[in-house]
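Numbering-wise, the sequence shown is residues 3 to 1093 according to the working numbering.
Here a beta-carbon is modelled for each residue, glycine too, at the ideal position from N, C-alpha and C.
In this text, all values refer to a predicted model and were calculated from it rather than measured experimentally.
The block underneath contains the structure these notes are about, expressed in structure tokens.
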Amino acid sequence: MTRKRPAPEVGFMNPSSKMPTRECTVGGGQANEDANNTGSIPSVRYLPSPDQSYSDRKQYRSILLANGLHALLIADPTENQIMRDGNITQQNDGVSTTSSDTEEESDDEDDNGRPKSEASDEDYISDSSANEPTSNAEAEGEKLAAAALCVGVGSFSDPRHVQGLAHFLEHMIFMGSKAYPQENEYDSYISKCGGFDNAITDLEETTFYFEIDEAHLEGALDRFASLFTDPLMLRDSVCRERDAVESEFQTNKNRFSSAREQLMASLGRDDHPCSLFSWGNLETLKHNITDDELYKTLHEFQRKHYSAHRMHFAVQARMSLDDLEALTVRYFSKIPCNGLPAEDLSKVYNEKNAFRDEFYSKLFIVKPISDVCQLDITWCLPPSVKDYQVKAIDYISYVMGYEGKHSLTSYLRKHSLALDVHTGASSGFEKNSLYTLFSVSIVMTDHGLENVEQILEAVYSFVRLLKREGPVEWIFNELRELEATSFRFRKEKEASDNVEELVVNMRYYPPKDIITGSELYFRYDPDEIQKVIDNLNEPRFNLMISSTKPYRNVTYNRTERWFETEYTEMDIPVEWQRLWDASEPIPEIKLQEKNPYISTNFTILADEDHTLQIPPYPEKLFADDVCEIWFRQDAKFRLPSALMYFYIISPLPFNDARSSALTGFFASMVKFQIAEELYPAEVAGLNYELYSAEKGLLFKVDGYSEKLPFIVDEITAKLGHFADMFSESVFDVIKAKLEKAYYNELMKPGKLSRDARLKVVCPNHWTTWEKFEHLKKFTPDDVRQFAGNFFKGIKIQALVQGNVDKETAKSTMHKVLHNLNGSSITDMQSIETKAREMPTGENYLRIRNFREADVNSVTTTFYQAGPVTPFLNACLELLVSLLEEPLFDILRTKEQLGYDVSTSLRDNAGILGFSITVHSQENKFSYEHIDERIELFNRHFVETLLNMKDKDFDLVKTSLIHRKQVVDTELKNEASRHWGEITAEEYIFNRNKLEVEHIEGLSKSDVIELFRKIVIDPSTRRKLCVQVVGNNGQFVANDPPVIATDSCSEFKLNYILPDVSQNHQSHINDIGKFVSTLHVYPFTKINFNRV
3 MTRKRPAPEV
13 GFMNPSSKMP
23 TRECTVGGGQ
33 ANEDANNTGS
43 IPSVRYLPSP
53 DQSYSDRKQY
63 RSILLANGLH
73 ALLIADPTEN
83 QIMRDGNITQ
93 QNDGVSTTSS
103 DTEEESDDED
113 DNGRPKSEAS
123 DEDYISDSSA
133 NEPTSNAEAE
143 GEKLAAAALC
153 VGVGSFSDPR
163 HVQGLAHFLE
173 HMIFMGSKAY
183 PQENEYDSYI
193 SKCGGFDNAI
203 TDLEETTFYF
213 EIDEAHLEGA
223 LDRFASLFTD
233 PLMLRDSVCR
243 ERDAVESEFQ
253 TNKNRFSSAR
263 EQLMASLGRD
273 DHPCSLFSWG
283 NLETLKHNIT
293 DDELYKTLHE
303 FQRKHYSAHR
313 MHFAVQARMS
323 LDDLEALTVR
333 YFSKIPCNGL
343 PAEDLSKVYN
353 EKNAFRDEFY
363 SKLFIVKPIS
373 DVCQLDITWC
383 LPPSVKDYQV
393 KAIDYISYVM
403 GYEGKHSLTS
413 YLRKHSLALD
423 VHTGASSGFE
433 KNSLYTLFSV
443 SIVMTDHGLE
453 NVEQILEAVY
463 SFVRLLKREG
473 PVEWIFNELR
483 ELEATSFRFR
493 KEKEASDNVE
503 ELVVNMRYYP
513 PKDIITGSEL
523 YFRYDPDEIQ
533 KVIDNLNEPR
543 FNLMISSTKP
553 YRNVTYNRTE
563 RWFETEYTEM
573 DIPVEWQRLW
583 DASEPIPEIK
593 LQEKNPYIST
603 NFTILADEDH
613 TLQIPPYPEK
623 LFADDVCEIW
633 FRQDAKFRLP
643 SALMYFYIIS
653 PLPFNDARSS
663 ALTGFFASMV
673 KFQIAEELYP
683 AEVAGLNYEL
693 YSAEKGLLFK
703 VDGYSEKLPF
713 IVDEITAKLG
723 HFADMFSESV
733 FDVIKAKLEK
743 AYYNELMKPG
753 KLSRDARLKV
763 VCPNHWTTWE
773 KFEHLKKFTP
783 DDVRQFAGNF
793 FKGIKIQALV
803 QGNVDKETAK
813 STMHKVLHNL
823 NGSSITDMQS
833 IETKAREMPT
843 GENYLRIRNF
853 READVNSVTT
863 TFYQAGPVTP
873 FLNACLELLV
883 SLLEEPLFDI
893 LRTKEQLGYD
903 VSTSLRDNAG
913 ILGFSITVHS
923 QENKFSYEHI
933 DERIELFNRH
943 FVETLLNMKD
953 KDFDLVKTSL
963 IHRKQVVDTE
973 LKNEASRHWG
983 EITAEEYIFN
993 RNKLEVEHIE
1003 GLSKSDVIEL
1013 FRKIVIDPST
1023 RRKLCVQVVG
1033 NNGQFVANDP
1043 PVIATDSCSE
1053 FKLNYILPDV
1063 SQNHQSHIND
1073 IGKFVSTLHV
1083 YPFTKINFNR
1093 V
């Protein structure tokens, strides 16, 4: 169960905890600017500091600026010297408390980094924001600073005649300011300094955030604040950027969840904010409005709503609270305050007038864009934001969504009616200040679709069970204790994630509860819970069936305006209404029992033996011809948690597409059959994953260390004795589920593009369309026999890390070996990963999108560089860092080729290269045009590098180095780096330290020479351009149709043949024939010892 943050409601706080009134001086921006010019400091009000987790070592200070802006300052206590505006400042901030801002020295540190890519069926992708191991010394390292600003306005405030305006304004805010008028100055600065930025528009707030090398935090804050102080939003930028909004909308148009949400919105009353089209597109931002009117309306909207007293700001860095406060006051006091009250939509709109009468009285049958079979039962309840202390909605969601024995989910699965059940309400459209949409969403089987009334009977019976039993205090208390324990041992979040979450929380909770408000259950109130139960027992809810297979052969006679979703509405069958009226609790469905998996021992082993010497990297405990186990006890994060990773490698899935599909089927069946038994363990903080990978099965568990070995034992026992629990009814359910999953993946042009590229580059890559064709032919005997043979020839790689000792690691490994009872692989070369050498010149693979009506195209131009060396790897990483900002600025912002433009380093089995990817719309720019603009950009980029000042080049290089020195925020990040080294069999646990040494020695001429060699020079470059082409409405008459109607369709690539003008290019019209003549590189690893 994932609980989202609640939405705000005006005046919901108790008087005792109410936030101080956020007054401001109208025109305060100028007043504070004058104060800064005269040397005086604008007044600051200090608010109560937030309560925080036992494991949280940061300091917090909550302040209110003179202009009404509420700021949360977060000081990381890790010692570090940072360079800011040429001055070295020693940071020695200590551990914060809930009652003061006392500062004291601390030797503790938090780590921040992202895991290295794993050896799975994903290819290795690296760029300047990935592959970030820590530096060699644990007590040292870099950290990224981050900041976020939340404005209290969102899409609910869109004018009816300019729908999507709030989202469009979010885009336009980035387009320059009076202080920094260059359109891409903010993005450029963030990118060059090793950071990233983003924004999100919700229904009632808009959030902007960035992360950056902390040495450049002040420069980033200056530019960031200027966007809200004096944004330019020039007319030319306005006319261009709406194309990006259109591209973003088209990119997301094929997502079922987005389309369904907009369909729900279309059922809202015409005057209610819930019925607005929040995305915006060219119709709302261009065709229905003049350029002059859009420009005027945009600026008026910004001046009205983007006022300092409606803003919250959070910043985190390894600086003192006083320094953070000084920076905040200096730059954010300048933001103007207009003094206008925020719109209180709840005075007019609520849950009673949100949706039209037919929303409740009709049955809606929907034809989804994806292969989906889903029943949604949705109640429109009163807004639940007042309930953050009791969280009655979350309690009901937990009880109703429980998946253990005797649960609603268990009942539906056992009767082959459903695969999954999801309950509750997420923030945004479902949960806001006007209403709460509480949904029970059932992912149905085909049998369930044919027997919807049985599903309804089960759901209705559970609603009656809730009414009969009422609130259950022991269940609430157990849930409260689970959440309290989770919060007590909360993992450190990365700075950007932390500020993004907290800045939105600042809108919803009083200062003292900013951190705890979304996490904890504060008190038990049966009356509040009973109100929700009573509302659910009212016969006022929406019924919606979304199914690719037409329900009862209905005819779709309606189309939603924006996403063009086809649907129909009909009277609810009389027998369904009788089911509700006569429903009573079903004996098979009961409330949950007490959880046996709850941990009680939270002893930190490192605190028990202070003399224990723990090596800096994992050590190999044991290795033979069947397994190798690596171990590292934690003494750094000091939490009662651990993780255990197992990669069960087999030659079968690696060397055969059919076996690869069978491996996934095997894993899915096991997960489905252990789900009920182990659901209480998941609730208790013991998490597990089991899925197919490139060479076999990946099995991972993590959570509280006390009972983790039991989970490993139970799951591997099920794997080893699969035949004993094999069920043909489960086989049928899983086969249908996987067919839908494969189909939906194939409908994504980005997934198809990746599959096609890797099919060319990697000999052992098995594509989704290949595995899909095998899957459809599987029989129960196929899966049963495969599972029996899988462990006859395996190699297990294992890592145990965290709050465990060596003996526990060894005994757990012995149990795994006993349960699986496997033998060794006879030919180890049969599992070596390799890559093909691309031919010199230009090679094009152009294929049609499988979804005929989809306008979206994806172009990925891949430039292969060759076998990995320390120099080549370092040079490519720096090249990608240098490419990012100008690529985005030119192809995305200025030329508006598409919403998503990116570059990535590619590592395919030790053969390096990089790629440029553009997601575009074929009815706007042709795929030939996209290819031409990428090539033109490449030629322009050489000039950019030649003209780049040395200080700018050094800035990018230094920022890349600092990102590689970023420390890990949590155990999982550190372990993931170690795991990447183990699965790649390279074991270079200090990789980043070695990579930094090579990056430091690079010059601008090194990068230019490499770029010319692999991109520009036609005699040496090895270009593979893969393009998945969307529908521009002008298919050539003799083109065969693309068959993609449902999961029973046969999928074959539809190659686009070149015209006469493209004869100089090498076009691939049969991947198999093309790769049959290519050279295959030998098994390749990096060698840092080779000169």
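How would you write the range of the beta strand (DSSP E) that residue i sits in, first residue to last?
i: THR842; result: Looking at the DSSP string, THR842 is not in any beta strand (DSSP E), and its letter there is neither H nor E.
i: SER443; result: 438-446
i: THR863; result: 858-869
i: VAL1009; result: No beta strand (DSSP E) contains VAL1009, which is instead part of the alpha helix (DSSP H) from 1006-1013.
i: ASN689; result: 688-695
Rounding to the nearest angstrom, what Cα-Cα distance links residue i and residue j in this structure?
i: LEU641; j: PHE226; result: 36 Å
i: GLU586; j: SER441; result: 20 Å
i: GLU248; j: PHE955; result: 34 Å
i: PRO682; j: ASP359; result: 40 Å
i: HIS417; j: TYR462; result: 16 Å
i: ILE1088; j: ILE444; result: 48 Å
i: PRO1084; j: GLU206; result: 56 Å
i: THR769; j: ALA659; result: 8 Å
i: ASP160; j: SER429; result: 19 Å
i: SER729; j: ILE736; result: 11 Å
i: LYS779; j: GLU741; result: 11 Å
i: ALA356; j: ASP346; result: 15 Å
i: ASN975; j: VAL969; result: 9 Å
i: ASN352; j: THR438; result: 10 Å
i: GLU621; j: LYS817; result: 20 Å
i: ASP573; j: SER662; result: 46 Å
i: MET840; j: GLU747; result: 27 Å
i: ALA2; j: LEU538; result: As displayed, the chain neither begins before 3 nor continues past 1093, which places residue 2 out of reach and without an answer.
i: ILE1070; j: ARG848; result: 8 Å
i: THR299; j: THR209; result: 21 Å
i: SER652; j: GLU630; result: 15 Å
i: THR80; j: ILE984; result: 29 Å
Assuming residue i contacts residue j under a Cβ cut-off of 8 Å, what Cβ separation, rounded to an integer in Å, is found between them?
i: LEU484; j: VAL672; result: Not confirmed; about 26 Å, so no contact.
i: THR550; j: VAL374; result: 6 Å
i: ASN544; j: ALA644; result: Not a contact, Cβ separation roughly 44 Å.
i: MET177; j: SER239; result: 4 Å
i: ILE591; j: ALA460; result: 7 Å
i: LYS495; j: THR971; result: 6 Å
i: LEU893; j: ARG935; result: 6 Å
Assuming residue i is part of the alpha helix (DSSP H), what are its boundary residues?
i: GLU945; result: 929-949
i: TRP771; result: 770-777
i: THR718; result: 710-722
i: PHE170; result: 167-175
i: CYS877; result: 872-889
May I ask whether a heavy atom of the ligand NAD can be found less than 8 Å away from the beta carbon of residue i?
i: ASN507; result: As far as ligands go, the structure on display features none, and thus does not contain the ligand NAD.
At what residue ranges does the region 280-355 contain a whole run of the alpha helix (DSSP H), taking only runs of 4 or more? As far as the region 280-355 is concerned, its whole alpha helix (DSSP H) runs of at least 4 residues are 293-307 and 323-334.
Please give the ranges of any beta strand (DSSP E) in the region 403-473, keeping only runs that are unbroken, at least 3 residues long and fully inside the region. 420-426 and 438-446, all fully within the region 403-473.
Quick check: the region 1010-1017 against the region 858-876, are at least 3 beta-carbon pairs closer than 8 Å? Look at the beta carbons and you see the region 858-876 touching the region 1010-1017: at least three pairs across the two are nearer than 8 Å.
Residue ranges of each alpha helix (DSSP H) within the region 538-607, 4 or longer: Here the runs fully enclosed are 576-584.
Would you call the region 161-175 and the region 468-483 in contact, with 3 or more CB pairs under 8 Å? Touching, no, given that fewer than three Cβ pairs across the two stretches are closer than 8 Å.
Inside the region 181-229 only - alpha helix (DSSP H) runs reaching at least 4 residues: The region 181-229 is shown to contain whole alpha helix (DSSP H) runs of 4 or more residues at 187-194, in chain order.
Answer yes if the region 820-831 comes into contact with the region 695-702, meaning at least three C-beta pairs across the two stretches below 8 Å, and no otherwise. The region 820-831 and the region 695-702 do not touch, with fewer than three beta-carbon pairs separated by less than 8 Å.
Touching or not, the region 528-536 and the region 392-408, by the rule of three or more beta carbon pairs under 8 Å? Yes: the two stretches touch, three or more of their Cβ pairs being nearer than 8 Å.
Any alpha helix (DSSP H) of 4 or more consecutive residues that is wholly inside the region 606-673: Every unbroken stretch of the alpha helix (DSSP H) spanning 4 or more residues and falling wholly within the region 606-673 is given here in chain order: 607-610 and 653-657.
Are the region 181-200 and the region 908-916 in contact at 8 Å, needing three or more beta carbon pairs? They do not touch, by the three-pair rule.
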